[in-house]
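Enquirer: Take a look at the following structure, please.
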Amino acid sequence: MKLLLDENLPHDRRHEFAGHDVFTVKFMGWSNRRNGDLLRDAASTGFDAMITMDNGVPYQQNIGTLQIAVVGVEAKTNRLVDLLPLMPALIRALAQVKPGKVIRVA
Numbered sequence: 225m226k227l228l229l230d231e232n233l234p235h236d237r238r239h240e241f242a243g244h245d246v247f248t249v250k251f252m253g254w255s256n257r258r259n260g261d262l263l264r265d266a267a268s269t270g271f272d273a274m275i276t277m278d279n280g281v282p283y284q285q286n287i288g289t290l291q292i293a294v295v296g297v298e299a300k301t302n303r304l305v306d307l308l309p310l311m312p313a314l315i316r317a318l319a320q321v322k323p324g325k326v327i328r329v330a
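If you want it as structure tokens, here you go:
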């Protein structure tokens, strides 16, 4: 699965997704893009899912029209101590999510 990590997640977490091709927004040169543009570009570039801590994304965009899934991570902070306990649930969510859908991990 080709995954895009949003800017609000630590880029070094990309190594936690064994078996997936993981890229960051910064690596793709998409920093500071609006969410709608970011999702459209990610979908048209072949990304299967975007992982974000911006839980407003599903409400700001019509995800159902895009060929990309969104996984919203709900953690106290984006620090490792708060994200690591969510990794097993996040990996499970990636196995279930479908294009045009949103799934939350908390």
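Quick note: the sequence shown uses my numbering, first residue 225, plus one each step. Don't be surprised by glycine CBs; every beta carbon is placed ideally from N, CA and C. Treat the numbers as computed from the prediction; the structure is a model and nothing was measured.
1. In angstroms, rounded to a whole number, what distance separates the CA positions of glycine 270 and proline 323?
2. Starting from leucine 227, trace the beta strand (DSSP E) both ways and give me its first and last residue.
3. So if DSSP puts alanine 317 in a beta bridge, which residue, or which two residues, is it bridged to?
4. Can you check whether the CB of glycine 260 is closer than 8 Å to the CB of glutamine 285?
5. Among residues of its own chain, excluding the 5 on either side of glycine 288, which ones have a beta-carbon nearer than 7 Å to its beta-carbon?
6. Locate the alpha helix (DSSP H) running through aspartate 278, then write down its first and last residues.
7. Tell me whether isoleucine 327 sits in a helix, a strand or coil according to DSSP, three-state version.
8. Quick one: grab the DSSP three-state call for alanine 273.
Expert: On the basis of the data shown:
1. Spanning the two alpha carbons is a distance of roughly 11 Å.
2. First-last of the beta strand (DSSP E) with leucine 227: 226-229.
3. For alanine 317, no pairing in a beta bridge is given by DSSP.
4. Result yes, Cβ atoms of glutamine 285 and glycine 260 sit closer than 8 Å.
5. Excluding positions up to five away in sequence, the list reads Gly324.
6. Membership of aspartate 278 in any alpha helix (DSSP H) is not indicated, and neither H nor E is assigned to it by DSSP.
7. In the three-state reduction of the DSSP assignment, isoleucine 327 falls in the strand class, which pools E and B.
8. Residue state, collapsed to three classes: strand.
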